[in-house]
Amino acid sequence: MSGARYTIREVTKTYRAGTPHEVRALQKVSVEGYPGEITVVYGPSGSGKTTLISLIGALDRPTSGTIHLNGEEMTRFAEPALARLRRSQIGFIFQNFNLLPGVPAWENVSQPLIPRGMGERARRERARELLERFHLGHRLLHPPEELSGGEQQRVAIARALVGNPEILIADEPTSNIDEEEIDRLLACFTELKGKGTTLFVSTHDPILRDLADVVWHLKGGRLIEVERRSSASLPDRQGGPPETPAGGAAP
Amino acid sequence: MILNPLSVAILLIGLLTLLLAALQTGFALKLHASLGPSPTPDLRTAVEEQTHLMLTLAVVLLTMRMLAWPLFYATLQSFVPDIPGAMCIYGVTQALPTLSGALQVLKPIGFFLSGLWLLLYALNRAAKTAPLFRRNLALLAGVSAFLAADALGDLFYFLTLTPRQEVTCCTLITDLPTRASAVVPRTLLGAEFDHPLLSLYFAAQTLLAGGIGLALFRHAETSPARRAGEGALALGGAAALGIAAIAFIEIIAPRLMGLPFHHDLYCFIQYVPDGSLMLVLPLLGLFALLWAASLERLGRHEETASHLKRYTRRLWGLALLAFVASPLMVAVHFLVDRWLGGT
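As structure tokens, then:
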């Protein structure tokens with residue numbers, strides 16, 4: 002576990018546990034991840050990808066098992082502490098962007114800074130800086146409905162990054178954008194990886210698999226394979242993964 | 003029953019409080035029982051989802067009781083023309099003296115308990131695993147039941163109070179030489195106790211403010227020392243409040259009202275616009291000291307240690323402000339009166 006940014010041990014998630022309608026979305030999944038690593042969660046619909054990234058993103062709690070983030074067991078955290086964790090350490094890019102309609106791009110981006118008590122001028126400046134980085138400096142005052150799909154996604158990425166998260170989670174990030182936008186997205190992910198951010202990408206898209214250091218194959222709620230790629234060639238990286246593939250052995 | 007807009011408002015608030023408080027008590031007890039000492043993650047999530055509604059209810063409930071406190075006195079004031087013999091709130095309270103006395107004691111206790119719950123709630127939220135959650139639910143159930151009793155008392159009082167009850171004026175009771183508030187200072191300080199009592203009042207408030215200031219600058223690190231310090235400050239606060247109460251009744255209120263032989267605080271808050279604030283501030287100061295001492299006992303946990311220290315300091319800061327502001331207001335009034343008298 003040493004040096005791992007997160008460690009997932011024997012995690013099971015069951016919806017409507019103990020009822021006839023019980024759904025086992027994840028079953029005894031064990032994996033870990035490291036700073037500066039891109040992990041792609043790959044699998045068909047209903048395989049448990051979204052459940053897994055929701056658990057990593059502290060949006061939900063597992064039914065059993067533990068999740069450690071930076072050495073702290075976040076499965077024991079109460080909801081207010083989870084909210085603080087999401088606010089300070091985790092960025093989330095949703096599949097449908099989840100931007101606030103009718104609200105200018107800069108305000109959408111700066112929303113996560115409001116609970117931190119940052120003043121409006123500082124928030125606007127930080128949002129402008131990020132949106133310019135994503136070539137949206139001319140769209141600061143435009144609400145989501147006046148932006149293209151690709152532009153909306155870039156706003157969503159800027160919002161996820163505005164709090165300098167240690168972990169960035171993206172759910173199917175390439176499903177609503179064209180090739181040019183995909184190239185920009187890949188460049189952004191590579192840059193974040195270089196800065197030590199841990200990235201989780203849930204996807205069907207093979208192009209994102211090529212970018213990954215680790216690929217988790219999920220099927221029917223079980224982790225059937227952990228494919229470690231570039232990380233295996235970086236054994237000397239500080240806080241890097243162990244030489245043998247971490248956890249997640251196929252059942 | 004005496005019907006006017008204020009009595010209708012306090013009855014409505016009392017009825018709503020009673021319903022909400024009964025609901026809240028049951029809700030909190032049910033959650034407390036279902037949670038158990040070591041809940042599963044799924045149960046914990048389910049309970050946390052229900053607590054959002056509970057918190058909203060609690061905030062509405064506490065806000066209503068806080069509104070009911072000043073409204074209680076405003077309503078009594080509005081009854082003065084309806085009660086034969088009454089010249090101020092004191093006269094009205096004599097119509098049903100036991101119940102009105104009890105309600106006047108219950109209201110500040112309700113404020114104190116509500117504040118304690120809110121502080122424990124905030125402390126629990128600040129911790130990572132919410133270790134005080136069950137304790138918080140138990141306290142909420144207790145506070146809600148207490149507020150329900152207070153609201154029930156209000157309803158009973160204002161529904162049974164009738165305009166036909168004849169009472170005596172405050173001057174016939176509070177201005178007697180044998181009044182209770184004069185016995186203690188006369189025994190301890192002699193027949194001419196005005197100047198010594200006033201000096202004692204300012205000295206007690208200054209001494210207590212100094213003690214709080216010292217505690218703020220030299221905050222004990224070890225828990226037993228801190229608890230001892232908090233206990234000593236709370237006792238000091240109670241003593242300072244007691245001295246302030248006697249000083250207000252015997253010297254400060256009569257002087258500021260310009261009625262040297264009238265010793266009624268109900269008239270004082272009527273005649274001196276900021277009189278209520280001068281009286282409430284030392285009470286708030288004592289509550290802040292008691293909140294700090296109670297939190298040290300109820301909120302102690304390894305996860306809350308650093309937050310507890312921060313909360314204690316803030317509460318002491320509030321107490322310091324309250325115990326300094328009230329005598330300062332009194333001193334300013336005395337100086338202004340002297341200056342106006344001189345010109």
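The listed protein sequences correspond, in order, to chains A and B.
So for the first sequence, our numbering puts the first residue at 2; every next one is plus one.
So for the second sequence, our numbering puts the first residue at 3; every next one is plus one.
Ideal Cβ placement from N, Cα and C applies to all residues, glycine included.
Because the structure is a prediction, the values reported are computed rather than measured.
> Which class does residue 183 of chain A belong to by DSSP, given the choice of helix, strand or coil?
Replying inline: Here residue 183 of chain A carries a helix assignment [DSSP, helix/strand/coil].
> Over what stretch of residues does the beta strand (DSSP E) that includes residue 202 of chain B continue unbroken?
Replying inline: Counting along the chain, residue 202 of chain B sits inside no beta strand (DSSP E); it lies in the alpha helix (DSSP H) bounded by residues 196-219.
> Beta-carbon separation of residue 18 of chain A and residue 44 of chain B under 9 Å?
Replying inline: With respect to residue 44 of chain B, residue 18 of chain A sits close: the two C-beta atoms are nearer than 9 Å.
> Do the stretch 91-111 of chain B and the stretch 182-193 of chain B touch if we need at least three Cβ pairs shorter than 8 Å?
Replying inline: The stretch 91-111 of chain B vs the stretch 182-193 of chain B: no contact.
> To the nearest angstrom, how far is it from the Cα of residue 120 of chain A to the Cα of residue 110 of chain A?
Replying inline: Rounded to whole angstroms, residue 120 of chain A and residue 110 of chain A show a C-alpha spacing of 14 Å.
> Listing by chain order, which chain E residues have their CB less than 7 Å from the CB of residue 77 of chain A?
Replying inline: Considering every chain present, this structure includes no chain E. Its protein chains are A and B.
> With a Cβ-Cβ cutoff of 9 Å, do residue 26 of chain B and residue 142 of chain B count as a contact?
Replying inline: Yes; because the gap between Cβ atoms is below 9 Å, this pair is in contact.
>> Below 7 Å on C-beta distance, what does residue 223 of chain A contact in chain B?
In response: Scanning chain B for C-beta atoms nearer than 7 Å to the C-beta of residue 223 of chain A yields nothing, as the closest lies near 20 Å away.
>> Could you pull the DSSP bridge partners for residue 65 of chain A from this structure?
In response: Beta-bridge pairing links residue 65 of chain A to A:13.
> So which of A:181, A:80, A:176 and A:105 has the shortest CA-CA distance to residue 146 of chain A?
Replying inline: Residue A:105 is the option with its Cα nearest to residue 146 of chain A.
> How about the stretch 196-209 of chain A and the stretch 34-41 of chain A: do they share at least three Cβ pairs that are nearer than 8 Å?
Replying inline: They touch, by the three-pair rule.
>> Helix, strand or coil, according to DSSP, for residue 26 of chain A in the structure here?
In response: Reduced to three states, the DSSP call for residue 26 of chain A is strand.
> Going by other Cβ atoms of all chains shown within 10 Å of its Cβ, with 16 needed for buried, is residue 196 of chain A buried or exposed?
Replying inline: Residue 196 of chain A sits exposed, since fewer than 16 C-beta atoms from the chains shown fall within 10 Å of its C-beta.
> Could one say the Cβ of residue 73 of chain A lies closer than 9 Å to chain B's Cβ atoms, at least one of them?
Replying inline: Using a CB distance cut-off of 9 Å, residue 73 of chain A counts as an interface residue toward chain B.
> Under the three-state reduction of DSSP, which class applies to residue 57 of chain A: helix, strand or coil?
Replying inline: Secondary structure of residue 57 of chain A (DSSP, three-state): helix.
> Nearest to residue 179 of chain A by CA position, among A:162, A:54, A:153 and A:202, is which residue?
Replying inline: The residue with the shortest Cα to Cα distance from residue 179 of chain A is A:153.
> Anyone know if the C-beta pair for residue 65 of chain A and residue 23 of chain A falls short of 9 Å?
Replying inline: Contact: no.
> Considering residue 147 of chain B, what are the terminal residues of the alpha helix (DSSP H) in which it resides?
Replying inline: Residue 147 of chain B -> alpha helix (DSSP H) spans 135-162.
> Since residue 186 of chain B is in the alpha helix (DSSP H), which residue starts that stretch and which ends it?
Replying inline: Looking at the DSSP string, the run of the alpha helix (DSSP H) that includes residue 186 of chain B is 182-191.
>> Please classify residue 97 of chain A as buried or exposed, where buried requires at least 16 neighbouring CB atoms within 10 angstroms.
In response: Classification for residue 97 of chain A: exposed.
> Given residue 317 of chain B, which residues of its chain have a CB within under 6 Å of its CB, disregarding the five upstream and five downstream residues?
Replying inline: Excluding sequence neighbours, residue 317 of chain B sits near 290, 293 and 294.
>> If the criterion is Cβ atoms closer than 9 Å, does the pair residue 130 of chain B and residue 77 of chain A meet it?
In response: Going by beta carbons, residue 130 of chain B and residue 77 of chain A fall inside the 9 Å limit.
>> Three or more C-beta pairs under 8 Å: does that hold for the stretch 124-144 of chain A against the stretch 157-171 of chain A?
In response: Flag = yes, the stretch 124-144 of chain A and the stretch 157-171 of chain A touch.
> CB of residue 306 of chain B to nearest heavy atom of the ligand PLP: below 8 Å?
Replying inline: Among the components of this structure there are no ligands whatsoever, and the ligand PLP is therefore not found.
> Just curious, the alpha helix (DSSP H) that residue 53 of chain B is in, first and last residue?
Replying inline: 43-80 is the extent of the alpha helix (DSSP H) around residue 53 of chain B.
> Can you tell me the Cα-Cα spacing of residue 13 of chain B and residue 180 of chain B, whole angstroms?
Replying inline: In a straight line, the C-alpha of residue 13 of chain B is about 37 Å away from that of residue 180 of chain B.
>> Any beta carbon of chain B sitting closer than 9 Å to that of residue 21 of chain A?
In response: Interface residue (Cβ-Cβ distance to chain B less than 9 Å): residue 21 of chain A is not classified as such.
> So the beta strand (DSSP E) residue 1 of chain A belongs to, where does it begin and stop?
Replying inline: Because chain A in this structure spans residues 2 to 252, residue 1 of chain A falls outside the shown range and cannot be described.
> Going along chain A in order, which residues have a C-beta closer than 8 Å to the C-beta of residue 43 of chain B?
Replying inline: Near residue 43 of chain B (Cβ distances below 8 Å), the residues of chain A are 62, 63, 64, 65 and 76.
>> Please state the DSSP three-state secondary structure of residue 74 of chain A.
In response: Assigned with DSSP and collapsed to three states, residue 74 of chain A falls in strand.
> Looking at the C-beta of residue 127 of chain B, does it have a partner C-beta in chain A at a distance below 9 Å?
Replying inline: So yes, residue 127 of chain B belongs to the interface.
> What does a CB cutoff of less than 8 Å around residue 34 of chain B pick up in its chain, not counting 5 residues either side in sequence?
Replying inline: Within the same chain, residue 34 of chain B has close Cβ partners 136, 139, 140 and 143.
> With a cut-off of 9 Å, does the C-beta of residue 199 of chain A fall near any C-beta of chain B?
Replying inline: Not closer than 9 Å to any Cβ of chain B, the Cβ of residue 199 of chain A fails to qualify, so no.
> Where does residue 335 of chain B sit, in a helix, a strand or coil, going by DSSP?
Replying inline: Note: residue 335 of chain B maps to helix in three-state DSSP.
> Counting only beta-carbon atoms, is residue 29 of chain B nearer than 9 Å to chain A?
Replying inline: Residue-level contact check: residue 29 of chain B does not touch chain A, since none of the beta carbons of chain A fall below 9 Å from its beta carbon.
>> Just to make sure I have the definition right: I need the residues of chain A whose C-beta is within less than 9 Å of the C-beta of residue 304 of chain B. Which are they?
In response: Per Cβ cutoff of 9 Å: no residues; residue 304 of chain B is ~13 Å from chain A at best.
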